[in-house]
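Visitor:
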Amino acid sequence: MSTHSELPKFVVWAPDCTDEGALARRLAVRPSHLENAGKLINQGIFRVAGGVLTSDSANAAPSDRKFFGSCLIVEAESLEAVRKLIEEDVYYKTGVWDKEKLLILPFMSATGLPPVPS
């Protein structure tokens, strides 16, 4: 088994669907999504992860923020392994993320990544 520093890195761009119910779906399953993402962060698989906000949400109160999608940097054996993780996520399964626009690409960081939580 490879150590995390030896594993390939991938950037995931997962834009949200834009239909009227997309935000409600996101908020309904968010606790489950965050619980699973937290486990993957603690395992050192998700190295950077978060929601991407609309430009008008930059200075908005937390209750007024609007999501545009999610962005992650993932360490895994292969692109296929990353795709499997993403397809198992509740945001993918419940139609929060737009499956047709989702991108997973190899990533080469010019800076260090945050340390894996211990």
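Going by the working numbering, the sequence shown opens with residue 79, and the numbers climb by one from there. Ideal Cβ placement from N, Cα and C applies to all residues, glycine included. Here the structure is a predicted model, which means the values were calculated and not measured.
1. With respect to the alpha helix (DSSP H) encompassing GLU155, which residues constitute its N-terminal and C-terminal limits?
2. I'd like to check one pair, SER148 with ASP94: are the Cβ atoms closer than 9 Å?
3. Mind checking who LYS87 pairs with in its DSSP beta bridge?
4. On a CA-only basis, which of PHE146, GLU155 and MET186 is nearest ASP176? Give me that one, please.
5. Report yes or no: do the region 148 to 162 and the region 125 to 132 share at least 3 C-beta pairs separated by less than 8 Å?
6. Once you ignore the five residues that flank PHE124 on each side, which residues in its own chain have a CB closer than 7 Å to its CB?
7. Looking only at DSSP bridge pairs, what is SER148 linked to?
8. Label THR189 either buried or exposed according to how many other C-beta atoms from any shown protein chain fall within 10 Å of its C-beta, with 16 as the threshold for buried.
9. Report yes if the C-beta distance between PHE88 and PRO193 is below 9 Å; otherwise report no.
10. Out of SER141, GLU158, SER187 and VAL174, which one is the CA nearest neighbour of SER110?
11. Using a Cβ-Cβ cutoff of less than 7 Å, which residues in the same chain neighbour LEU85 once the five nearest sequence positions on both sides are dropped?
Guide: Considering the structure as presented:
1. Where GLU155 is concerned, there is no enclosing alpha helix (DSSP H), given that its DSSP letter is neither H nor E.
2. Less than 9 Å separates the beta-carbon of ASP94 from that of SER148.
3. In the DSSP assignment, LYS87 forms a beta bridge with GLU153 and PHE185.
4. Among PHE146, GLU155 and MET186, the Cα nearest to that of ASP176 belongs to PHE146.
5. Put simply, the region 148 to 162 touches the region 125 to 132. At least three CB pairs are less than 8 Å apart.
6. Excluding five sequence positions before and after PHE124, the CB atoms of its chain that fall closer than 7 Å to its own CB belong to ALA115, LEU118, LEU150 and VAL152, given in chain order.
7. SER148 is bridged to ALA92 and GLY129.
8. Burial check for THR189: the Cβ neighbour count within 10 Å stays below 16, so the residue is exposed.
9. Not in contact: PHE88 and PRO193 (Cβ atoms no closer than 9 Å).
10. Ranked by Cα distance from SER110, the first of SER141, GLU158, SER187 and VAL174 is VAL174.
11. Here the set comprises GLU153, ALA154 and GLU155.
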